[in-house]
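Taking our numbering, I'd label the letters of the sequence shown as residues 8 to 421.
Quick reminder that beta carbons are idealized off the backbone N, C-alpha and C, glycines included.
Values in this document were obtained by computation on a predicted structure and should not be read as measured data.
Please read the structure below before turning to the comments.
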Amino acid sequence: MTDQSKVALAFSGGLDTTVCVPLLEEEYDHDEVIGVTVDVGQPESEFEEAAETAEALDLEHYVVDAKDAFAEQCLDAVKANATYQGYPLGTALARPVIAEAILEVAEDEDCDAITHGCTGKGNDQLRFEAVWRDSDLEVIAPVRELGLTREWEMEYADQKDLPVEGGNEGDWSIDTNLWSRSVEGDDLENPGYVPPEDIYEWTETPGQKEIETIEITFEEGKPVAIDSQEMPAVQLIEYLNDLAGSHGIGRTDMMEDRMLGLKVRENYEHPAATTLLNAHEALEGLVLTEEERAFKKQVDQQWAEKAYEGLLSAPLVDALDGFVDTTQEKVTGTVTVKFEGGQARPVGRESDYAVYSESAASFNTESVDGIAQSDATGVAKYHGFQSRLANEVTANAEAKKAELLTDGSGESEE
Ligand code: ARG
8 MTDQSKVALA FSGGLDTTVC VPLLEEEYDH DEVIGVTVDV GQPESEFEEA AETAEALDLE
68 HYVVDAKDAF AEQCLDAVKA NATYQGYPLG TALARPVIAE AILEVAEDED CDAITHGCTG
128 KGNDQLRFEA VWRDSDLEVI APVRELGLTR EWEMEYADQK DLPVEGGNEG DWSIDTNLWS
188 RSVEGDDLEN PGYVPPEDIY EWTETPGQKE IETIEITFEE GKPVAIDSQE MPAVQLIEYL
248 NDLAGSHGIG RTDMMEDRML GLKVRENYEH PAATTLLNAH EALEGLVLTE EERAFKKQVD
308 QQWAEKAYEG LLSAPLVDAL DGFVDTTQEK VTGTVTVKFE GGQARPVGRE SDYAVYSESA
368 ASFNTESVDG IAQSDATGVA KYHGFQSRLA NEVTANAEAK KAELLTDGSG ESEE
């Protein structure tokens, strides 16, 4: 152990992480704090805010670009059709990526501790620490450990003359990355409160723009091109966020069951995620067999739950990925998606792997592969056999019981 102690802080320049800087020195006796901001596709303004705040705090500040890694993670989530209670997991998928990037800086800079500004109520503390507790660094969570409230933080910042501007964008707590934008807190905490349009930044009011269709090309489950134009992951997601967002696609207003058991009201915007998830599932509908689709639903559900927990590193996920990747070998083709009325609706799909025989399904052909319509007669006779039998047996048994009861009462009358 050196006598100099150095701590790396996940730094956004927001209120929570700003108050952490002096608190780490005062309450935890760390001589040196470094701030790390990880780029997972936040708006430029957030980096400006972080840089300005760091400068005002005299904080050594690192910015790490993890956009590509994060974009690949998002597209992996598409392969597993991943949503949690309807939410495409933007924050959840980003946290481990951010945590890894900060850990790398902390180790490079010989830090002995690592810190976040998360509260003790949310999911993010768990997702960060799941990554960090795998290292030798001490994990510190000042907001949680000191039991801080927003109000206390405001007052403390005022006393210390810390550079905070009354929180970002009013009183809402906002988390933005490539995959989703989340808005929570203040009035929105009341599940009955109808949010005003101005909570939305990525999505226009649906139904105002003229209907539009696009074609998305997938290769082994991964979207690679829009309208035949190939794009790398980051660019493809950004392009769709703009386009689908202009059609008001991908708003979610939900009650979310957090890991600690709290139920919270959440609002999200995720135009690209919704578009890609819908298109991907439509293509799977064409190329996977019925039983593959049914089993994959269970695999997808498990995958999404681990993603929500920030535990995609779990051995279970490796096993799930084995199944997902095998199925995705056939998920190559093109899906036409129509943007209409706030929906991204798949309206056409094509693939060389289509498990589809037009002549077999068509109303216009009488026999296919030597199977004639009339061959279904035997199947139709058997269909429902067990249910019919069960219902009949039950009816007979009830009648017998009723008869016995009548006989019994007849006897007692004598
Ligand atoms: N509840 C979501 C999750 O746990 C997102 C929370 C985002 N944070 C925020 N301050 N808006 O994944």
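Query                                                                                                                                                                : Result
Sort out for me which residues DSSP pairs Thr44 with in a bridge.                                                                                                    : Val70
Does the stretch 276–295 touch the stretch 177–197, meaning 3 or more C-beta pairs lie closer than 8 Å?                                                              : yes
Consult DSSP for Thr341 and reduce its assignment to one of helix, strand or coil.                                                                                   : strand
Can you determine whether any heavy atom of the ligand ARG sits closer than 8 Å to the C-beta of Ile121, and answer yes or no?                                       : no
Excluding five sequence neighbours on each side, which residues of the same chain lie with their C-beta closer than 8 Å to the C-beta of Glu57?                      : Note that residue 57 corresponds to Ala in the displayed sequence, not to Glu. Cβ within range, chain order: Phe18, Ser19, Gly20, Gly42, Thr44, His68 and Val70.
Check whether the stretch 133–140 touches the stretch 98–114, taking contact to mean three or more Cβ pairs, one atom from each stretch, closer than 8 Å.            : yes
Strictly by DSSP, which residues pair up with Phe225?                                                                                                                : Pro230 and Gly340
Would you list the residues whose beta-carbon is nearer than 5 Å to any heavy atom of the ligand ARG, in the order they occur in the chain?                          : Thr98, Ala99, Asn130, Ser180, Asp182, Ser189 and Glu191
In its own chain, which residues sit with a C-beta less than 8 Å from the C-beta of Pro50, not counting the 5 before and 5 after it?                                 : Thr183
By how many angstroms is the C-alpha of Ile378 removed from the C-alpha of Gly385?                                                                                   : 13 Å
Between which residues of its own chain and Ile206 is the CB-CB distance below 8 Å, once the five residues before and five after are set aside?                      : Trp179, Val190, Leu195 and Asn274
Pick from Thr281, Thr259, Thr220 and Glu357: whose alpha carbon is nearest that of Glu245?                                                                           : Thr281
So is Glu420 buried or exposed if we call it buried at 16+ other beta carbons inside 10 Å?                                                                           : Bear in mind that the predicted position of Glu420 carries a pLDDT of just 48, short of 50, making it unreliable; the figure below should be weighed with that in mind. Flag for Glu420 reads exposed.
Taking Gly129 as the reference, give the member of Arg300, Leu269, Leu412 and Ala402 with the closest Cα.                                                            : Leu269
Using three-state DSSP, classify Ile256 as helix, strand or coil.                                                                                                    : coil
Taking 9 Å as the threshold (C-beta atoms), are Ala286 and Phe225 in contact?                                                                                        : yes
Going straight from the alpha carbon of Leu327 to that of Leu82, what length do you get?                                                                             : 16 Å
Exposed or buried, which one is Asn403 when buried takes at least 16 other CB atoms within 10 Å?                                                                     : exposed
By DSSP's criteria, Ile121 is part of a beta bridge. Which residues make up the other side?                                                                          : Ala15 and Val146
Helix, strand or coil for Glu59 per DSSP?                                                                                                                            : helix
Cutting at 7 Å between CB atoms, please list the residues of its own chain near Leu318, excluding the five before and the five after it.                             : Ala137
Quick one: Cα of Glu176 to Cα of Asp260, how far?                                                                                                                    : Reliability fails at Glu176, whose pLDDT of 47 lies under 50, so the model's placement of it is uncertain and the value that follows must be treated cautiously. If I take the Cα positions, the gap works out to 19 Å.
Just the Cα atoms here: how many angstroms apart are Arg300 and Gly292?                                                                                              : 7 Å
Do you know whose CA, among Trp310, Pro322, Lys345 and Thr24, lies nearest Val331's CA?                                                                              : Trp310
If you pair each beta-carbon of the stretch 253–267 with each one of the stretch 227–240, do three or more pairs fall below 8 Å?                                     : no
Could you tell me the boundaries of the beta strand (DSSP E) in which Gln350 lies?                                                                                   : Gln350 to Glu357
When DSSP builds the beta bridges, which residues end up paired with Lys270?                                                                                         : Asp264
In angstroms, rounded to a whole number, what distance separates the CA positions of Glu222 and Asn248?                                                              : 15 Å
With a threshold of 8 Å on Cβ separation, who are the neighbours of Leu22 within its own chain once the five nearest residues in sequence on each side are excluded? : Arg157, Glu160, Met161, Ala164, Val171 and Gly174
Could you have a look at Ser180 and say whether DSSP puts it in helix, strand or coil?                                                                               : strand
Could you have a look at Arg134 and say whether DSSP puts it in helix, strand or coil?                                                                               : helix
DSSP three-state label for Ser235, please.                                                                                                                           : coil
Ignoring anything shorter than 4 residues, give me the alpha helix (DSSP H) runs that lie fully in the stretch 295–339, in order along the chain.                    : 297–316 and 322–335
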